[in-house]
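Here is the structure we will look at, set down as structure tokens.
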Amino acid sequence: NEKSRYPGDPQGQAWVAGARRGYAIKTVAGKDVSNWDFLDIMDIIEDKIKDNSAGKFQVDNQGSMGNTAAELPLTIEYAELKGEGGSAASAASNLEGGGSYVDRTDKRYADLPPDATLVEYKIPPAPLAYISQTVEEIRAYAKSLPEPSGYSGPRYKGGGSIDQAWLETTIANYKKGQLLPKKDAYMMGLDVFDILVKEKTLGRVNVGEGKKITVVGDLHGQLWDFSHMLSLAGYPSPDNTFVFNGDFVDRGPWSVEVVFSLIAFKLRNPGHVFMNRGNHESEMANHFYGFFGELESKYEKRMCELFAEIFRATPLCHVLNNEVFVVHGGIPGPDPRVWWKGIDNQVGFEGRTIQISLADIENCNRFMEPNPAENPLMVDLLWSDPKGKPGYGPSGRMAEGIYLFGPDVSKIFMDHNNLKMCIRSHEVKSLGYRYDHDGEKPVITVFSAPNYVDKAGNKAAVAVLTNKGGTLTGPEFLQYEAQPHPDIPSGAYSAGGPLHPDTVKAAR
6 NEKSRYPGDP QGQAWVAGAR RGYAIKTVAG KDVSNWDFLD IMDIIEDKIK DNSAGKFQVD
66 NQGSMGNTAA ELPLTIEYAE LKGEGGSAAS AASNLEGGGS YVDRTDKRYA DLPPDATLVE
126 YKIPPAPLAY ISQTVEEIRA YAKSLPEPSG YSGPRYKGGG SIDQAWLETT IANYKKGQLL
186 PKKDAYMMGL DVFDILVKEK TLGRVNVGEG KKITVVGDLH GQLWDFSHML SLAGYPSPDN
246 TFVFNGDFVD RGPWSVEVVF SLIAFKLRNP GHVFMNRGNH ESEMANHFYG FFGELESKYE
306 KRMCELFAEI FRATPLCHVL NNEVFVVHGG IPGPDPRVWW KGIDNQVGFE GRTIQISLAD
366 IENCNRFMEP NPAENPLMVD LLWSDPKGKP GYGPSGRMAE GIYLFGPDVS KIFMDHNNLK
426 MCIRSHEVKS LGYRYDHDGE KPVITVFSAP NYVDKAGNKA AVAVLTNKGG TLTGPEFLQY
486 EAQPHPDIPS GAYSAGGPLH PDTVKAAR
């Protein structure tokens, strides 16, 4: 802003003092702020421009550091960024598209097209505790609900009330169209939230000598296939630990029944049942692909708010015996974030010089919706996919911010964290599993929804690892075919689907 708009305008004063477009704040009152977030810097210099016509500040947000304004007068030191044209002005032009300046002469990015942007890789720290006002309000509401009348099935009275007969009867009732009472459903959801919220973003699982652990991939609300899988792999127990690796819901028309079965497993054996969040455990996906429509139809719309919090509390990944990394999507993406328009899976670029540790993931904030601008690490773990070519590459899964990773990238990540294998899900595989990256440290995809969306024709599989001699061996794969189910199409509760509440309401 070349001219002050009013006396004391901080932008105008900075210009008069010599600041120009393409400059970055380096220090404030002697403090190095070069790595601070924008709002944290604004807090310390109190640079919040008042909109006199509205009588309020244009920006009323605060940074996460909780900074208070420094004493006046302030001394601010700027750094001049040099762009491709060698000037601050050319650096500024790089910033206008939302990217941050990185030296594009770096050989790692020599082949990038001119419209590529490079954005800082942030890992927001986890809060010391997460308290949800929404959950507390729902807790009071659930207690006020009346006891069910006319219901003769199993009741939920805490985790201790769930035994094998409870589980088998409840799943059998689901197949007959009988749901748990609304009060019980709310109480189970609240209790599982209370367990999940105390877990770390990266969980650590110990599999004892001679014991096994089963990793289950995408389920997507396919109840009859889920039930068949249990008949093959067994129910979770202290001798049969399970990791459910995300995408429990959406598309399949029995997502409610499947996810409440997983919740019951977790409540019965919290130390032997683990849940990873998938890309479909998010509000945007649940609104569009059917889970929230199904919840509203089978229970009520308010329950969607509870599940949004349950999914935000769900861990992003687990490590088994410090050997095997289990995650829904993939591993950390490039740093800085490199993006350009178009998709070219043959492109590969080196994009990370500082490796991400398991501790970095463990201490990352997961209590949010996936957003590549706010938490790129979360998006990488939920959304990324392996590719055959080395390096990173752009993915076509979303408008931007999703990456493919090559075998060199996965090996470097596993070497850095002393891991020997990565098991992930997220992609349909014709056999139900696939070694996407071979070799000494493989990346394996396991997908557990057969004939996905009633059209894909794929088999499904779960991966079973066993502790033999103090190390995990396998995996062995249990494969299965799709099972007959009632004639309700996949996507029936999706937005615009025949059973979505809005569709049903419009047809009346």
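With my numbering as the guide, the letters of the sequence shown map in order to residues 6 to 513. We put the beta carbon where it would ideally sit given N, CA and C, even for glycine.
1. Out of 449, 140 and 227, which has the shortest C-alpha to C-alpha gap to residue 416?
2. Quickly, what does DSSP pair residue 342 with across the bridge? List them, please.
3. Closer than 8 Å is the cut-off here; do at least three beta carbon pairs connect the region 486–505 with the region 271–289?
4. Helix, strand or coil for residue 495? Go by DSSP, reduced to three states.
5. May I ask you to report which of helix, strand or coil DSSP gives residue 196?
6. If you measure between the beta carbons of residue 402 and residue 383, is that distance less than 8 Å?
7. Which residue wins for smallest C-alpha separation from residue 326, given the options 472, 413 and 308?
8. Sorted by chain position, which residues of the same chain lie with C-beta nearer than 6 Å to residue 408's C-beta, five sequence neighbours on each side aside?
9. Determine the direct distance from the alpha carbon of residue 333 to that of residue 321, and round the result to whole angstroms.
10. Please report the straight-line C-alpha distance between residue 341 and residue 381, rounded to a whole angstrom.
11. Excluding sequence positions up to five away, which residues of its chain have a Cβ less than 6 Å from the Cβ of residue 229?
12. Between the Cα of residue 406 and the Cα atoms of 375, 187, 306 and 74, which residue gives the shortest distance?
13. Which residue from 191, 235, 502 and 76 puts its Cα closest to that of residue 142?
14. Taking the alpha-carbon positions, what's the residue 150 to residue 304 distance?
15. Taking the alpha carbon of residue 222 as the reference point, which residue from 504, 478 and 464 has its own alpha carbon closest?
16. Hey, which unbroken runs of the beta strand (DSSP E) at 3 residues or more fall wholly within the region 379–467?
17. Roughly how many whole angstroms lie between the Cα atoms of residue 235 and residue 200?
18. DSSP three-state call for residue 163: helix, strand or coil?
19. Quick check: what's the CA-CA separation for residue 123 versus residue 206?
20. Can you check whether the CB of residue 343 is closer than 8 Å to the CB of residue 250?
21. Residue 130 bridges to which residues according to DSSP?
22. With H, G and I counted as helix, E and B as strand and the rest as coil, what does DSSP make of residue 323?
23. Using the C-alpha atoms, what's the distance from residue 478 back to residue 217?
24. Taking C-alpha atoms, which residue in 512, 451, 499 and 511 lies nearest to residue 483?
25. Determine the closest residue to residue 211 out of 420, 486 and 324, with distance taken between C-alpha atoms.
26. By DSSP, does residue 175 sit in helix, in strand, or in coil?
27. Tell me which residue opens and which closes the alpha helix (DSSP H) that residue 291 is part of.
28. I need the DSSP call for residue 246, collapsed to helix, strand or coil.
29. Using the C-alpha atoms, what's the distance from residue 507 back to residue 497?
30. For the pair the region 162–173 and the region 267–277, tell me if three or more CB-CB distances fall below 8 Å.
31. Mind checking residue 387: buried by the 16 CB within 10 Å criterion, or exposed?
32. Using 10 angstroms around the beta-carbon of residue 373, count the other beta-carbons present and answer buried if the total reaches 16, otherwise exposed.
In short, the structure shows the following:
1. 449
2. 124
3. Inter-segment contact for the region 486–505 and the region 271–289 is absent: fewer than three beta-carbon pairs are separated by less than 8 Å.
4. In the three-state scheme derived from DSSP, where H, G and I count as helix and E and B as strand, residue 495 is classed as coil.
5. helix
6. no
7. Residue 326 has its Cα closest to that of 472, out of 472, 413 and 308.
8. 338, 389, 397 and 400
9. Per the coordinates, the alpha-carbon of residue 321 lies some 8 Å from the alpha-carbon of residue 333.
10. 10 Å
11. 488 and 490
12. For the residues 375, 187, 306 and 74, the minimum Cα distance to residue 406 belongs to 375.
13. The residue with the shortest Cα to Cα distance from residue 142 is 191.
14. 13 Å
15. 464
16. 397–399, 408–410, 426–429, 438–442 and 448–451
17. Going by C-alpha positions, residue 235 is about 23 Å away from residue 200.
18. coil
19. 27 Å
20. In this structure, residue 250 sits away from residue 343, with a CB-CB distance that is not shorter than 8 Å.
21. 369
22. It is a strand residue.
23. 9 Å
24. 451
25. 324
26. In the three-state reduction of the DSSP assignment, residue 175 falls in the helix class.
27. Here the alpha helix (DSSP H) through residue 291 covers 288–294.
28. Residue 246: strand per DSSP, three-state reduction.
29. 12 Å
30. Taking 8 Å as the limit for Cβ pairs, the verdict is that the region 267–277 does touch the region 162–173.
31. buried
32. exposed
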